[in-house]
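Novice: Got a structure for you, written out below as structure tokens; questions coming shortly.
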Amino acid sequence: MVTRINSSAGAEGDAMIRILILISTLFFVSEAFAQSTEVAAPAPVAVVEEAPVAKVDVKLGLGYQARLEKSPGSTEQTQTLESPSIFAQVDYLEYEIHTELERVQHDSGEGSYRIQSSRLELLFIGRYRLMLDPQWTVFGGLGGGFGKETVRTSVGGSKATHTGDTEKIGALEAGLQYQFDERFFAEASARGLKLENFEPWVVTMGLRLGVRL
Amino acid sequence: MLRAIVALFLLTIVACGQNEKTNDQGTTFLLPWSETANSEMSLKEIHISTLRNPSKVKGPAAEVYIEPGLTDSGFSGGVADARWIKAGSVYVPSDVKSGQAVTAYAQFEKIWKMDKKMGISHLLTWPRQVSIGLSGEIGMEFQNNASYMPTHDVTIIWEYTLSGHPVALNRGILGHEHFHAYFNQTFSKARDEVYKEKRTNPADADLLQFFRETNKVTGYFTTHASNVYLYRALNEGLADFFGYVYSNDPNSFASTFHGLEEGRRLDKDQAKVSSAEDWKKLMTDPSYLDLNGCSRRCRIYFLAPYFSRQFYKSAELQSQGRDIKAVREAIASQIITALPILARQFAEAEIKGQLITPEMLSGWLRVLTQVPARKVMP
Numbered sequence: 000m001v002t003r004i005n006s007s008a009g010a011e012g013d014a015m016i017r018i019l020i021l022i023s024t025l026f027f028v029s030e031a032f033a034q035s036t037e038v039a040a041p042a043p044v045a046v047v048e049e050a051p052v053a054k055v056d057v058k059l060g061l062g063y064q065a066r067l068e069k070s071p072g073s074t075e076q077t078q079t080l081e082s083p084s085i086f087a088q089v090d091y092l093e094y095e096i097h098t099e100l101e102r103v104q105h106d107s108g109e110g111s112y113r114i115q116s117s118r119l120e121l122l123f124i125g126r127y128r129l130m131l132d133p134q135w136t137v138f139g140g141l142g143g144g145f146g147k148e149t150v151r152t153s154v155g156g157s158k159a160t161h162t163g164d165t166e167k168i169g170a171l172e173a174g175l176q177y178q179f180d181e182r183f184f185a186e187a188s189a190r191g192l193k194l195e196n197f198e199p200w201v202v203t204m205g206l207r208l209g210v211r212l
Numbered sequence: 000m001l002r003a004i005v006a007l008f009l010l011t012i013v014a015c016g017q018n019e020k021t022n023d024q025g026t027t028f029l030l031p032w033s034e035t036a037n038s039e040m041s042l043k044e045i046h047i048s049t050l051r052n053p054s055k056v057k058g059p060a061a062e063v064y065i066e067p068g069l070t071d072s073g074f075s076g077g078v079a080d081a082r083w084i085k086a087g088s089v090y091v092p093s094d095v096k097s098g099q100a101v102t103a104y105a106q107f108e109k110i111w112k113m114d115k116k117m118g119i120s121h122l123l124t125w126p127r128q129v130s131i132g133l134s135g136e137i138g139m140e141f142q143n144n145a146s147y148m149p150t151h152d153v154t155i156i157w158e159y160t161l162s163g164h165p166v167a168l169n170r171g172i173l174g175h176e177h178f179h180a181y182f183n184q185t186f187s188k189a190r191d192e193v194y195k196e197k198r199t200n201p202a203d204a205d206l207l208q209f210f211r212e213t214n215k216v217t218g219y220f221t222t223h224a225s226n227v228y229l230y231r232a233l234n235e236g237l238a239d240f241f242g243y244v245y246s247n248d249p250n251s252f253a254s255t256f257h258g259l260e261e262g263r264r265l266d267k268d269q270a271k272v273s274s275a276e277d278w279k280k281l282m283t284d285p286s287y288l289d290l291n292g293c294s295r296r297c298r299i300y301f302l303a304p305y306f307s308r309q310f311y312k313s314a315e316l317q318s319q320g321r322d323i324k325a326v327r328e329a330i331a332s333q334i335i336t337a338l339p340i341l342a343r344q345f346a347e348a349e350i351k352g353q354l355i356t357p358e359m360l361s362g363w364l365r366v367l368t369q370v371p372a373r374k375v376m377p
């Protein structure tokens, strides 16, 4: 029987639970980090005012993507795959470099013929950010990366595992970021990916939670 | 100077005579494959010489679709977009639908080459239109099977939900459906021409109506209905023989449909239904052979082995000291040559109201296939 992973009300419920677990984990980790680095307030000294210096922000986080791909079928049907990811961001003024590592898995089978596919994608996206207010920021991005897929095939008793050549990827992105406080933020974005070995574009919708270091 | 010219000439011949694999711009895929009856299906690197673009499953042998729509003019939507990874020079499908689509193409490429060798390919339109499933709900009615639709000249491989090897990987089943296209183009066409010449209609002119009226097994069975179901049984029997010719396996259905292992295999001695008397009981007695619930359309498959096994035995006998593959292909070619002539004989007997029996039909066909194999004129 061919197996497809589809978005559904149940999958969305699972996604919400995962997001809540992410938020809790990040909260406890950041609190522990903050407490361990507390220092005594310095004695007051005369301060000479200096011009403000733009600083570089580093952020880390976890993400979840719902990935819509055209199915191999002849009509314009799509299949939905879920993939977790980790990311890092380096901000300078309104510019940002976003780096993300994502893992996509897909199993399919019919009778004795089975294929398991596992794909890692590493993306580097240059973003331009526009702050709407202290909490909301919109961004657009352009970038690319690499993907590598491993396929395990079996039919009857015959099995084989192959890892494909590294594939180039192009990416376009648009999204929205929300700052909870000085540390925590969430963002949602839509991406179009152009894979080297697959003609139709792949569209992903992602949700990420992060913390500023 | 002369020696240089000769050397250059020989070098050119050698260069041009490089093996097909390096010059043909085809692709090599890792596919489930089995070449003979005795070899288990396993993953093999199969070179598909006529598949130039690994992403679009089409070429001169076939155009393969995955779950397309079906319109009056054939399949709608584009051919399958295969997903794969490239490991060195080999393409490895990354999902089973892509794998089945490419395997189906590779099977049809083999069939096409055999048809050209047998001198019969010109009777059909190539590339053949093949689909893995159909979109929408209609596919759910026809799982674990394959069909040839003469109205659209397309072959459909339905979704497979059993535990054996999927239909798309089985060359015997694909070859069986492919033969129905030849039967339609030779026997059915010639039979229709006879009826047209005589300005009369056959009993199955309106096929849906015909099956509505006759499909249920009752004691009432007209001569005309008997003749129609008989030639359909012939179609299925010859299709089983051609499945064997294409696949080298007299029991090619077994790996996909475990229950048919004994019923349809060609290398058994006696068919359960092999005479006019058996045929009448099969078509009029609901409990004959414990086939309660099996309609007349279902029962024709029980007469099919009567025809397929005769040609299988004939091939075995004629192959003493000869290449069995060449003998099978020669017999197959003779059958295709004979079908239009058989159809005329059959239609003329039908129009006269004659009851045609399995023995008569088999006898006519055996006489006609004694003639030397020659190309069938379009």
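For the record, the sequence lines run as chains A and B. For the first sequence, numbering that gives the first Met the number 0 begins at 0 and goes up steadily by one. For the second sequence, numbering that gives the first Met the number 0 begins at 0 and goes up steadily by one. Virtual Cβ for every residue (Gly too), placed ideally from N, Cα, C. Values in this document were obtained by computation on a predicted structure and should not be read as measured data.
(1) Can you tell me where the beta strand (DSSP E) holding residue 145(B) begins and where it ends?
(2) Drop a sphere of 10 angstroms on the beta-carbon of residue 218(B), count the other beta-carbons inside from all chains shown, and report buried for 16 or more, exposed for fewer.
(3) Alpha carbon to alpha carbon, how far is residue 132(B) from residue 128(A)?
(4) For a contact meaning CB atoms closer than 7 Å, what does residue 251(B) contact in chain A?
(5) List the endpoints of the continuous alpha helix (DSSP H) containing residue 164(B).
(6) Closest Cβ-Cβ distance between residue 101(A) and chain B: below 8 Å?
(7) Identify each residue in the stretch 156-186 of chain A for which the Cβ-Cβ distance to at least one residue of chain B is less than 9 Å, and report them in chain order.
(8) Looking only at its own chain, which residues have a Cβ that is under 8 Å from the Cβ of residue 67(B), when we skip the five neighbours before and after it?
(9) Suppose the cutoff is 6 Å on Cβ atoms and the five residues either side in sequence are ignored; what does the same chain contact list for residue 318(B) look like?
(10) One question on the structure: do residue 190(B) and residue 346(B) come within less than 8 Å of each other, judged by their Cβ atoms?
(11) Could you work out which residue in 60(B), 145(B), 48(B), 42(B) is closest to residue 235(B) when comparing CA atoms only?
(12) Shorter than 8 Å from the beta carbon of residue 31(B) to some beta carbon of chain A?
(13) Is the shortest distance between the beta-carbon of residue 197(A) and the beta-carbons of chain B less than 8 Å?
(14) Are the C-beta of residue 33(A) and some C-beta of chain B separated by less than 8 Å?
(15) For residue 258(B), does the three-state DSSP call read helix, strand or coil?
(16) Can you tell which of 72(B), 148(B), 62(B), 242(B) has its C-alpha closest to the C-alpha of residue 311(B)?
(17) Just the chain A side, please: which residues come within less than 8 Å of residue 287(B) by C-beta, in chain order?
(18) Taking Cβ-Cβ distances shorter than 8 Å, what residues in chain A pair up with residue 165(B)?
(19) Determine the direct distance from the alpha carbon of residue 320(B) to that of residue 113(B), and round the result to whole angstroms.
(20) Per DSSP, residue 265(B) forms a beta bridge with which residues?
(21) Determine the DSSP secondary structure at residue 278(B), reduced to helix, strand or coil.
(22) So which residues of chain D does residue 152(A) contact, with C-beta pairs closer than 8 Å?
(23) Going by DSSP, what residues sit across from residue 128(A) in a beta bridge?
(24) Please give me, in chain order, every unbroken run of the beta strand (DSSP E) with length at least 3 that falls completely inside the stretch 127-208 of chain A.
(25) Just tell me which of 119(A), 63(A), 130(A), 67(A) has its CA closest to the CA of residue 166(A).
(26) By alpha-carbon positions, which one of 170(B), 201(B), 78(B) ends up nearest to residue 250(B)?
(27) Could you work out which residues of chain B lie near residue 193(A), taking near to mean beta carbons separated by less than 9 Å?
(28) Comparing the C-beta of residue 116(A) with each C-beta of chain B, is any distance below 8 Å?
(29) Any beta carbon of chain B sitting closer than 8 Å to that of residue 72(A)?
(30) How is the alpha helix (DSSP H) around residue 241(B) delimited, first residue to last?
(31) Quick check on the DSSP output: the beta strand (DSSP E) that includes residue 67(A) runs from which residue to which?
(32) When the Cα of residue 99(A) is compared with those of 92(A), 58(A), 87(A), which residue comes out closest?
(33) Kindly indicate the opening and closing residues of the beta strand (DSSP E) around residue 102(A).
(34) When the cut-off is 8 Å and only beta carbons count, does residue 69(B) lie next to chain A?
(35) Going along the chain, which residues of its own chain have a beta-carbon closer than 8 Å to the beta-carbon of residue 92(B), five neighbours each way excluded?
(36) Which bits of chain A does residue 85(B) rub up against, with CB to CB less than 8 Å?
Specialist: The relevant details are as follows:
(1) Here residue 145(B) is taken as the residue at index 146 of the second sequence, counted from 1. Taken as a continuous stretch (DSSP letters only), the beta strand (DSSP E) holding residue 145(B) covers 145-148.
(2) Position 219 of the second sequence, counting from 1, holds the residue named residue 218(B). Around the CB of residue 218(B), fewer than 16 other CB atoms lie within 10 Å, so the residue is classed as exposed.
(3) The residue labelled residue 132(B) in the question sits at position 133 within the second sequence. The residue labelled residue 128(A) in the question sits at position 129 within the first sequence. Each residue's alpha carbon lies about 47 Å from the other.
(4) Residue numbering aside, residue 251(B) sits at position 252 when the second sequence is read from its first letter. Near residue 251(B) there are no residues of chain A at all, since even the closest Cβ is about 15 Å away, more than 7 Å.
(5) As a first step, residue 164(B) is located in the second sequence; it is residue number 165 there, counting from the start. Neither: residue 164(B) is in no alpha helix (DSSP H) and is coded neither H nor E.
(6) As a first step, residue 101(A) is located in the first sequence; it is residue number 102 there, counting from the start. No, because no Cβ of chain B sits closer than 8 Å to the Cβ of residue 101(A).
(7) Listed by position, the residues of the stretch 156-186 of chain A near chain B (Cβ gap below 9 Å) are 156, 157, 158, 159, 161, 162, 163, 164, 166.
(8) For the purposes of this step, residue 67(B) is taken as the residue at position 68 of the second sequence. 74, 75, 76, 130, 133, 134, listed in sequence order.
(9) For the purposes of this step, residue 318(B) is identified with residue 319 of the second sequence, where counting begins at 1. So the list reads 326, once near-sequence residues are dropped.
(10) Here residue 190(B) corresponds to residue number 191 of the second sequence, with the count starting at 1. Here residue 346(B) corresponds to residue number 347 of the second sequence, with the count starting at 1. Taking a C-beta distance under 8 Å as the contact criterion, residue 190(B) and residue 346(B) qualify as a contact pair.
(11) Within the second sequence, residue 235(B) is the residue found at index 236, counting from 1. The candidate whose alpha carbon is nearest that of residue 235(B) is 145(B).
(12) On the second sequence, position 32 is the one that residue 31(B) refers to. Yes, because at least one Cβ of chain A sits closer than 8 Å to the Cβ of residue 31(B).
(13) The count along the first sequence starts at 1 and reaches residue 197(A) at position 198. Yes, because at least one Cβ of chain B sits closer than 8 Å to the Cβ of residue 197(A).
(14) As a first step, residue 33(A) is located in the first sequence; it is residue number 34 there, counting from the start. Unreliable placement is indicated for residue 33(A), whose pLDDT of 48 sits below 50; the coordinate value is still reported in the next sentence. Not closer than 8 Å to any Cβ of chain B, the Cβ of residue 33(A) fails to qualify, so no.
(15) Within the second sequence, numbered from 1, the residue matching residue 258(B) stands at position 259. Three-state DSSP puts residue 258(B) in a helix.
(16) Working through the second sequence from its first residue, we reach residue 311(B) at position 312. Nearest of 72(B), 148(B), 62(B), 242(B) to residue 311(B), Cα basis: 242(B).
(17) As a working mapping, residue 287(B) is identified with position 288 in the second sequence. Simply none; closest approach about 33 Å.
(18) For the purposes of this step, residue 165(B) is taken as the residue at position 166 of the second sequence. Think of a sphere of 8 Å around the beta carbon of residue 165(B): the chain A residues whose beta carbon falls inside it are 109, 110, 111, 112, in chain order.
(19) Along the second sequence, one-based indexing puts residue 113(B) at 114. Along the second sequence, one-based indexing puts residue 320(B) at 321. Each residue's alpha carbon lies about 22 Å from the other.
(20) Counted from its first residue, the second sequence places residue 265(B) at position 266. In the DSSP assignment, residue 265(B) is bridged to no other residue.
(21) As a first step, residue 278(B) must be located in the second sequence, where it is residue number 279. Correct three-state label for residue 278(B): helix.
(22) The structure shown contains no chain D; its protein chains are A and B.
(23) Position 129 of the first sequence, counted from the start, is the residue given in the question as residue 128(A). Bridge partners of residue 128(A): 138(A).
(24) 135-154, 157-162, 166-178, 183-194
(25) As a first step, residue 166(A) must be located in the first sequence, where it is residue number 167. Taking only the C-alpha atoms, the option nearest residue 166(A) is 119(A).
(26) Locating residue 250(B) in the second sequence gives position 251, counting from the first residue. Selected option, being the one with the closest Cα: 170(B).
(27) Numbered from its first residue, the first sequence carries residue 193(A) at position 194. The contacting residues do not exist; residue 193(A) stays about 14 Å from chain B at best.
(28) By 1-based counting over the first sequence, the position of residue 116(A) is 117. Residue 116(A) counts as touching chain B.
(29) By 1-based counting over the first sequence, the position of residue 72(A) is 73. Yes, contact with chain B.
(30) Numbered from its first residue, the second sequence carries residue 241(B) at position 242. That run of the alpha helix (DSSP H) goes 222-246.
(31) Numbered from its first residue, the first sequence carries residue 67(A) at position 68. Taken as a continuous stretch (DSSP letters only), the beta strand (DSSP E) holding residue 67(A) covers 55-69.
(32) Taking the first residue of the first sequence as 1, we reach residue 99(A) at position 100. Here the closest residue by C-alpha is 87(A).
(33) Start at 1 with the first residue of the first sequence, and residue 102(A) comes out as number 103. Where residue 102(A) is concerned, the enclosing beta strand (DSSP E) stretches over 94-109.
(34) On the second sequence, position 70 is the one that residue 69(B) refers to. Residue 69(B) does not count as touching chain A.
(35) Taking the first residue of the second sequence as position 1, residue 92(B) is located at position 93. Counting only Cβ-Cβ distances below 8 Å, and skipping sequence neighbours, we find 28, 29, 30, 81, 82, 83, 98, 101.
(36) Here residue 85(B) refers to the residue found at position 86 when the second sequence is read from its first residue. Near residue 85(B) (Cβ distances below 8 Å), the residues of chain A are 163, 164, 196.
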